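Below: one structure, written as structure tokens.
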Amino acid sequence: MNPEPRRITTDVAIVGTGLAGFAAAVFCLDRGIAAVQLGHAGALTYTTGYFDLLGYDRGRSIDDPWRALADLGATWPGHPLARLPRSTIEQAFRRFAEAIGDLGIAYVPPGATNVRALLPTGLAKTTSSIPRTMAAGAAALAEKKRTVIVDFIGLVGFSAKEFVTNFAADWPGLSSAHIGFPDLDGGAEAYPEVMARALEVRATRERLAARIRAVVGDADCVGLPAVLGVHAPDRVHAAMEELVGVPIFEIPTMPPAVPGLRLRELLEQAMPARGLRLVSQHKATRVDLRPDRIDFGYRDNFGEVVIEARTAILATGRFLSGGLVAERSGLRETLIGLPVEQPAGRGDWHRDDCFDVRGHPINRSGVVVDDDFRPLDHDGVPVHPGLFAAGAILAGQDWVRQRCGAGLAIATAWRAVDGVARMSGR
Amino acid sequence: MNFDADVLVIGGGVTGCGILRDLALRGIRGILIDRGDLNSGASGGNHGLLHSGGRYASSDTETAAECRIEGEILKRTAPQAIDACGGLFVAVEGDDEGFIARFAARCAAAGIDCAPLAVDEVRRSEPAISERAIAAYAVPDATVDPFRLTIEQVADARRLADSLFLPHTEVTGFDIDGGRIRAARCRDTRSGEARIIRARQYVNAAGAWSMAVARLAGCDDVRVLWSKGTLVIANTRLTRRVVNRLRTPGDGDILVPGGTVSLLGTTSDTVADLDVIRPTPEEVDRNIEEGSVLIPALAHTRFIRAFAGVRPLLLPTGGDGDGRKASRGFTLFDHVAQGLGNFATIAGGKLTTFRLMAERTGDLVAARLGNREPCRTATEPLPALERSSWTEPGHSARTWFAAKNPADSILCECEMVPKSTVDAVLEMAPGAEPQMPLRAIGVRSRIGKGTCQGSFCAIRVTSHLYDRGTYGGREGLGLMRDFLAERYKGTRPVLWGPQMPQAELAETLHCGLLGLDLIDARGQDGEPR
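Sequences listed follow chains A and B, in order. For my numbering, add 893 to where a residue sits in the first sequence, where the first one is 1. For my numbering, add 166 to where a residue sits in the second sequence, where the first one is 1.
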């Protein structure tokens, strides 16, 4: 027997659970648009935690992102961020940062200029908005504060010595300390996620704070790998600062890392409570573009489900998240089969030098959209009046090299939701 | 810094290392130099195939017989570096019937043990072979780990005669006086520092670069054709045995199992510039298209990386320059006619015949030094050193598991390489030095060789090297960047399917998290373009 699929009706289906998908969900809820969000893991887990707006141009750092955005159209014709007015980008970015802050991960809102944030290699990177748990690090670098960087026995892939050595010329007051994390100091590999969850317990915080106090010396500031809690980092951070007695900041670590995990767990838990229908850990397997709606099919343990949506936002990301797939013969959009703007052949996808500051041509490939961010077919006509796209799947940008991933995800999600609102009459 | 030795050997490939050990066994102390590192050229860019000789039986009986004899010697003297898995020659529908019919007789002429097999039987034991197979023969092909071979030879030469290997040391000129080379002027390619090496005898075993080195000594008698060959590594072992296409050699017609992977190759294209040798997507496609005729699974297998080497083929006077037809034989040049009495060049040949090449060279050099010791490499086993087996897949993991030390964290998760292995390589491996590059550690271990191709372990190993004080500044980041850029050359032509998400993740990690696109090769803040 083949039971009828269960059906869910909604104003908008958001496909993708990365930053763009969740930003779209936030903006839809703000405007009272009923949303179903569908997706599997996604690449959100790999973020440093920093929200970039526009940080670099061919390896050169950008101080004033707003001016650079205004000029972007000249050097990057068709860049998604060059197609949006400053007011939209600013509004979207501020609103999303505020929403995330309300949920428990506060961000220092983007300012008029970019800031230099810390990388685990002991290099600085230019970004726009920093989580509160990391903010004191940028300030300590800017003011060259006497700072001790602490790492932990058994933590692999993060070295306080590496950080200190590589910043030495730029930041003379740095020193390092190697200590044991309470109960994880036997020498076996210690994972950031385990430490972060342990620090949600007050007793662990007190024991760790005592160990940190023992190595602070005359430092004005303490830097740690990002381990200050998963669910309530702002609370854990504040509590640790109080216990240690000096400002503390986190430094991003290699995956599996806490900042991305935090965002994902927080959004997955908090958004449904605010009215989002979230279908996580599932992937749409079938799409049906109908004249007045778009149907997305997926299967769960109980059989097939069909989401009947008046509109949809495609935020499925690139190769890592599965939105695009590379075949020897060319690049393909996986869910709907949308045309993908791409280099002529596989030989043109990448440059000879992997660190060429111009970035690889394949990075700019993706889905082409109109000014409302509706994907276009081969004739330049919207594929469906109610289908929008947002985030890294869009053509004409290089979010990793330009350091514009969060800005791209959030601002294009805003514009896509504008379109959804119009179609939904909200 | 300056050095003195009995003999200077130029070129850290398998032949140069073989010569260093050959001489050491005769009590002669040598210095071996390479502009890069061990196996930077063709010795590190090949199939790892120990030829039975079957491949050359149809065209060159002498080379085929040499391969057979040398293969047998190596299986006896260096079994630790060899997997005597056996080989097959298989023809498919449409292949030249005449070539197939003559094969067994040609093998017999070279003394190669060649047994006809029923096609059904072959497909039962090797199900990956095409159902379009029409003929098959078994030959005693084997596989060899060229890295283990070079590392152990250098280590043994050090043990026997205190011979020395100097990586990243390039010859820039020779001081010649009275028909003899008095010194080699060298340059440290990392630091730029000048080095003078004085020896009584000088040996040029620089492979593809041997023509250039000979010219530095004023010798224009060495003529080498550069034949670039590209190979591609599949992430599974598709066959138990080496599988050769039974036809005139062409692209993608040998599949060699290596541990848990398979190597498919190779192309053959004459090149004019050695500095731009990298595998291309087009060459990879050619290998796959041809290879999948014999092994259909290759059309949809996951490939981990590609690599390219340059075969230094001897060009006979009047040769037509076709790399496939050029001889696989070798020549020892004594350069006497060029007016030099203490310089020799060994050129051409194959991985399989390196020992014989080293023997001939060793005989000449020893005689010139008045040393009457005979060559012993054909009988003296190559000591299997515990510390050089790190290049063997699974070895680190077994050692790590047996030691049961939880504090010995795994740094490379794909190949299960723990901290202790990296530490041991730094302390004991031939060519180890105080600020050892990640690439050099990679050559001497399994670091970077797994499915992530170093994306993760480069970060973890670099942090460890900073922690233990190996690196004390930005140069460590420059060396990590260099290692990743080198791995990328190999992954780039196989970036499709499941490899593309890996590449995107690498981009996110190496640029986004580490900022390596913002620094130059020395780790300094990059000059904006």
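Note that the Cβ used here is the ideal one computed from N, Cα and C, for glycine as well. Computed from a predicted model, the values in this text were never measured in an experiment.
*asked:* One question on the structure: do ASN168(B) and ILE362(B) come within less than 9 angstroms of each other, judged by their Cβ atoms?
replied: The answer is yes: Cβ separation under 9 angstroms.
*Can you tell me whether ALA1033(A) is buried or exposed, with buried defined as 16 or more other CB within 10 angstroms of its CB?*
ALA1033(A) should be labelled buried.
*Runs of beta strand (DSSP E) wholly within the segment 249-311 of chain B (minimum 3 residues, chain order)*: Counting whole runs of 3 or more residues, the segment 249-311 of chain B contains the beta strand (DSSP E) stretches 253-258, 281-283, 299-305 and 308-310.
_I'd like to know if the segment 633-642 of chain B and the segment 1054-1061 of chain A are in contact, where contact means that at least 3 CB-CB pairs between them fall below 8 angstroms._
A contact between stretches requires three or more CB pairs, one per stretch, nearer than 8 angstroms, and the segment 633-642 of chain B meets this requirement with the segment 1054-1061 of chain A.
*Using alpha carbons as the reference points, say which of ALA274(B), LEU191(B), GLY515(B) and ILE278(B) lies closest to VAL390(B).*
Taking only the C-alpha atoms, the option nearest VAL390(B) is GLY515(B).
*Nearest-angstrom beta carbon gap, VAL180(B) and GLY196(B) [assumed within contact, 8 angstroms]*: Between GLY196(B) and VAL180(B) a beta carbon distance of about 15 angstroms is seen, past the 8 angstroms cut, so the two are scored as non-contacting.
_3 or more residues per run - each beta strand (DSSP E) lying fully within the segment 1074-1133 of chain A_ = Whole beta strand (DSSP E) segments, 3+ residues: 1114-1118.
*asked:* Run through chain A and tell me which residues come within less than 7 angstroms of ALA573(B), C-beta to C-beta.
replied: Neighbours of ALA573(B) in chain A, taken as residues at a C-beta separation under 7 angstroms, are given in chain order as GLY1080 and ALA1081.
*Distance, ASP1291(A) Cα to GLY1252(A) Cα*: In a straight line, the C-alpha of GLY1252(A) is about 7 angstroms away from that of ASP1291(A).
*asked:* Please list, in chain order, the chain A residues whose beta carbon lies closer than 7 angstroms to that of MET666(B).
replied: Here the neighbours are PHE1212 and ALA1219.
_Residues that PRO1013(A) contacts on chain B, provided the C-beta gap is smaller than 9 angstroms_ = PRO1013(A) reaches chain B at ILE625, SER629, LEU679 and LEU680, counting residues in chain order whose Cβ is nearer than 9 angstroms.
*Applying the criterion that 16 or more other CB atoms from any shown protein chain within 10 Å of the CB defines a buried residue, is PHE255(B) buried or exposed?*
Answer is buried; the Cβ neighbour count reaches 16.
*Tell me whether ILE317(B) counts as near the ligand MN, meaning its Cβ is closer than 8 angstroms to at least one heavy atom of that ligand.*
Of the ligands one can find in the structure shown there are none, so the ligand MN has no counterpart to examine.
*Near-chain B residues of the segment 943-965 of chain A - C-beta to any C-beta below 7 angstroms*: Taken in chain order, the members of the segment 943-965 of chain A whose beta-carbon sits within less than 7 angstroms of a beta-carbon on chain B are ARG951, GLY952 and ARG953.
_Pair within 9 angstroms by beta-carbon distance, PHE269(B) and LEU412(B)_ = Yes, Cβ-Cβ distance for PHE269(B) and LEU412(B) is below 9 angstroms.
_Beta-carbon proximity of PRO1149(A) to GLU1099(A), cut-off 9 angstroms_ = With contacts defined as CB atoms closer than 9 angstroms, PRO1149(A) and GLU1099(A) fail to qualify as a contacting pair.
_By the three-class DSSP mapping on this structure, what secondary structure does CYS580(B) have?_
Collapsing the DSSP output to three states places CYS580(B) in coil.
*Grab the span of the beta strand (DSSP E) containing SER376(B) for me, first residue to last.*
No beta strand (DSSP E) holds SER376(B); the alpha helix (DSSP H) holding it covers 376-382.
*Does THR674(B) have its Cβ less than 9 angstroms from a Cβ in chain A?*
Contact of THR674(B) with chain A is assigned, a C-beta pair being separated by under 9 angstroms.
_Given a cut-off of 9 angstroms on the beta-carbon distance, is the pair LEU1048(A) and GLU1093(A) in contact?_
No, the pair does not count as a contact, with Cβ atoms beyond the cut-off.
*Give me the Cβ distance between ILE235(B) and LYS241(B), rounded to the nearest whole Å; I'm assuming they're in contact under 8 angstroms.*
11 angstroms between Cβ atoms; not a contact.
_Nearest neighbour of LYS1061(A), chosen from ALA1005(A), ARG1039(A) and ILE1200(A) [CA to CA]_ = It should be pointed out that residue 1061(A) corresponds to Ala in this sequence rather than to Lys. Of ALA1005(A), ARG1039(A) and ILE1200(A), the smallest CA-CA separation from ALA1061(A) is found for ARG1039(A).
*Which full runs of the alpha helix (DSSP H) of 4+ residues lie inside the segment 565-638 of chain B, going along the chain?*
For the segment 565-638 of chain B, whole alpha helix (DSSP H) runs of length 4 or above, ordered along the chain, are 585-594, 604-609 and 623-633.
*asked:* If you follow the alpha helix (DSSP H) that LEU946(A) is in, where does it begin and where does it stop?
replied: LEU946(A) -> no alpha helix (DSSP H), and no H or E assigned at all.
*Decide yes or no for the touch test of the segment 195-210 of chain B against the segment 313-322 of chain B: beta carbon pairs closer than 8 angstroms, at least 3 of them.*
In short, these stretches touch, since the Cβ pair count reaches three.
*Unbroken beta strand (DSSP E) runs of length 3 or more, entirely within the segment 178-217 of chain B: which are they?*
Counting whole runs of 3 or more residues, the segment 178-217 of chain B contains the beta strand (DSSP E) stretches 196-199.
*asked:* So if I threshold CB-CB distances at 7 angstroms, which residues from the segment 1050-1069 of chain A count as touching chain B?
replied: Cβ contacts with chain B: GLY1050, PHE1051, SER1052, LYS1054, GLU1055, THR1058 and ASN1059.
*List the DSSP bridge partners of HIS1071(A).*
Beta-bridge partners assigned by DSSP to HIS1071(A): ASP1044(A).
*Measuring only between beta-carbons, confirm whether VAL908(A) sits less than 9 angstroms from chain B.*
Not a single CB atom of chain B sits nearer than 9 angstroms to the CB of VAL908(A).
_Closer than 9 angstroms at the beta carbon, the chain A residues around GLY663(B)_ = Under the 9 angstroms cutoff, chain A gives VAL1218, ALA1219, GLU1220 and ARG1221.
*Identify whether GLY1312(A) lies in helix, strand or coil by the three-state DSSP scheme.*
DSSP, reduced to helix, strand and coil, places GLY1312(A) within a helical segment of the structure shown.
*Does DSSP put GLU392(B) in a helix, a strand or coil?*
According to the sequence displayed, residue 392(B) carries Trp and not Glu. The answer is strand: DSSP assigns TRP392(B) an E or B state.
_Under 7 angstroms (Cβ pairs) to chain B, residues found in the segment 1142-1155 of chain A_ = Using a CB distance below 7 angstroms, the part of the segment 1142-1155 of chain A facing chain B consists of PRO1145 and MET1147, ordered along the chain.
*What residue does the alpha helix (DSSP H) around THR657(B) start on, and which one ends it?*
For THR657(B), the uninterrupted alpha helix (DSSP H) run begins and ends at 641-657, by DSSP.
_Check whether GLY1050(A) and ARG494(B) have beta carbons under 9 angstroms apart_ = Taking 9 angstroms as the Cβ cut-off, GLY1050(A) and ARG494(B) do not qualify as a contacting pair.
*Please compile the residues from chain A whose C-beta is within a distance smaller than 8 angstroms of the C-beta of GLY692(B).*
For GLY692(B), the chain A residues whose Cβ falls inside 8 angstroms of its Cβ are GLY952 and VAL1250, in order along the chain.
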